[in-house]
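Trainee: Residue numbers (the numbering used here): 2 to 293.
This is the structure, below, for whatever I ask next.
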Ligand code: KIV
C-alpha cells in the first residue's frame, strides 16, 4: 500500500483572479475563502488550494487580543498583508480596510486602498457598509483596485448595531440589505461578503446579483464561504460563533505540546543526544589541554 500524501496543489496552480470568481459563480462552483495573517498559514492555505485569502481585520481579535476589530491600524494591517503575500502565490489576496481608513473621505479611502496593493502585496480590498459606501467603491474601483463589499453584520459598526448580532431578520431590514447589495454591485464591487444573515436572505441576494456572494453565517445559498481561520482551527478560545465549523482543536493541542516541553526541560529529557551538536574527540582533547 502506498503512503498517503497531502496534495500541495502549489506549483501548477494558476493565479486566482476576480474574473475567476465571476466565472465560478457562472458555472455554479462554490468559492472557498479563509483568513490568514502570517506567512506559514498563508502558505498552507495556498498549497491546500484555497481560492482566496482574506487578511481580515479580525486580526485585531484573534491575533492581537483586542475585544473587537476597531483598534487595528493601517500599518498593522499592511505588516500582516506583506507576510501573507510572501506565503501565498496563487490565491486571490484581499486586504481588509480597517476602521477609519475609508470612512472620512473618498480621497483617503482611495489612497489607503492603493496602499494595500502597493505596500501590502494584495490583489484587492474589502470594506464594510452598504449604500453609504457606494461613492468610495466607485472611486477605488475607478483607480483600478478591485473591491469586495461586506454587509449584514459589519463588525466595525458594533457600537451602532448593539453588538455582534444577526442582521436582516425582519422584512424591512432584509429589504435594505437587498438594496445595499444591488447598490454595491452597481458601484463596481466584484464580490460581496454577507455576514450573519438568515440563510433564505443569503440565497435571495445571491440570486439577485451577478457578482458572487461570500457567506459567513449566511447559509448554503451563497456563492462561496469564508470563515476566520483561527475559529476553523480552534485556535481562538474566547468564543466561537454558532456558524463556525471547527475542524481542529489547535488551542488545546498547542497547550499540551507546551506542557510536554516544559516537563521535558524540567526533567532534563530535553535536549537529548540527537538534539546536541557533536565535537570531534581530537578537538576536544586539544581544548582541554588549552583551558583545562
Ligand atoms: O475580518 C474578517 O475576518 C472578516 C471576515 C469575517 C469576513 O471580515
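Even for Gly, the Cβ is constructed at its ideal location relative to N, Cα and C.
Being a predicted model, the structure only gives us computed values, none of them experimental.
Where in the stretch 164 to 242 do unbroken runs of the beta strand (DSSP E), each at least 3 residues long, occur, reported from the N-terminal end onward?
Mentor: Listed in chain order, the complete beta strand (DSSP E) runs (minimum 3 residues) inside the stretch 164 to 242 are 192 to 196, 214 to 217, 225 to 228.
Trainee: Out of 292, 101, 116, 97, which one is the CA nearest neighbour of residue 126?
Mentor: The shortest Cα separation from residue 126 among 292, 101, 116, 97 belongs to 97.
Trainee: In three-state DSSP terms, what is residue 97?
Mentor: Looking at residue 97 - three-state DSSP - the assignment turns out to be strand.
Trainee: Please report the Cβ distance between residue 240 and residue 217, rounded to the nearest whole angstrom; I am assuming they are in contact, meaning their Cβ atoms lie under 8 Å.
Mentor: Incorrect: roughly 15 Å between the Cβ atoms, too far for contact.
Trainee: Use the C-beta contact count for residue 264: other C-beta atoms within 10 angstroms, 16 or more gives buried, fewer gives exposed.
Mentor: Classification for residue 264: exposed.
Trainee: Please confirm if the stretch 70 to 90 is in contact with the stretch 132 to 144, defined as three or more CB-CB distances below 8 Å between the two stretches.
Mentor: No, because fewer than three Cβ pairs between the stretch 70 to 90 and the stretch 132 to 144 fall closer than 8 Å, the two stretches do not touch.
Trainee: CB residue 193 to CB residue 149, shorter than 8 Å?
Mentor: Yes; because the gap between Cβ atoms is below 8 Å, this pair is in contact.
Trainee: Closer than 8 Å by C-beta to residue 67: which residues in its own chain qualify, once you throw out the five before and the five after it? Chain order, please.
Mentor: The answer, listed in chain order, is 61, 73.
Trainee: Within a Cβ cutoff of 6 Å, which residues of the same chain sit near residue 221, ignoring the five residues on either side of it in sequence?
Mentor: Counting only Cβ-Cβ distances below 6 Å, and skipping sequence neighbours, we find nothing.
Trainee: Any idea what DSSP makes of residue 42, helix, strand or coil?
Mentor: Correct three-state label for residue 42: helix.
Trainee: I'd like the list of long-range same chain contacts for residue 252, defined as Cβ closer than 6 Å, with 5 residues on each side in sequence excluded.
Mentor: So the list reads 235, 236, 238, once near-sequence residues are dropped.
Trainee: Under 8 Å between the Cβ atoms of residue 92 and residue 159?
Mentor: Against a cut-off of 8 Å, the Cβ pair of residue 159 and residue 92 comes out as no contact.
Trainee: Out of curiosity, what's the CA-to-CA distance linking residue 190 and residue 99?
Mentor: Their backbone Cα atoms lie some 18 Å apart in a straight line.
Trainee: I'd like to confirm something about residue 296: is its beta-carbon nearer than 7 Å to some heavy atom of the ligand KIV, or not?
Mentor: With the chain running from 2 to 293 in the structure shown, residue 296 is simply not present.
Trainee: Contact between the stretch 175 to 186 and the stretch 196 to 210: three or more CB pairs below 8 Å?
Mentor: Result yes; three or more Cβ-Cβ pairs closer than 8 Å.
Trainee: Roughly how many whole angstroms lie between the Cα atoms of residue 4 and residue 39?
Mentor: Unreliable positioning characterises residue 4 in this predicted model, as indicated by a pLDDT of 46, which lies under 50. The coordinate reading is nonetheless provided below. Using only the alpha carbons, I get a separation of about 30 Å.
Trainee: Do residue 36 and residue 157 have their beta-carbon atoms positioned less than 8 Å apart in this structure?
Mentor: Cβ atoms of residue 157 and residue 36: not closer than 8 Å.
Trainee: Give a single yes or no on whether residue 1 has its beta carbon closer than 7 Å to a heavy atom of the ligand KIV.
Mentor: Because the chain here runs from 2 to 293, residue 1 falls outside it and cannot be looked at.
Trainee: Could you tell me the alpha carbon to alpha carbon distance between residue 13 and residue 80, rounded to whole angstroms?
Mentor: Approximately 28 Å between the Cα atoms of the pair.
Trainee: Which residue spans inside the stretch 82 to 147 form an unbroken alpha helix (DSSP H) run of at least 4?
Mentor: Here the runs fully enclosed are 107 to 119, 135 to 143.
Trainee: Quick check: the Cα distance between residue 77 and residue 29, rounded to an integer number of angstroms?
Mentor: Residue 77 and residue 29: Cα-Cα distance of roughly 36 Å.
Trainee: Helix, strand or coil for residue 34, going by three-state DSSP, please let me know.
Mentor: Looking at residue 34 - three-state DSSP - the assignment turns out to be strand.
Trainee: In this structure, how does DSSP classify residue 59 when only helix, strand and coil are distinguished?
Mentor: Three-state result, residue 59: coil.
Trainee: Does at least one heavy atom of the ligand KIV sit under 7 Å from the Cβ of residue 217?
Mentor: Yes.
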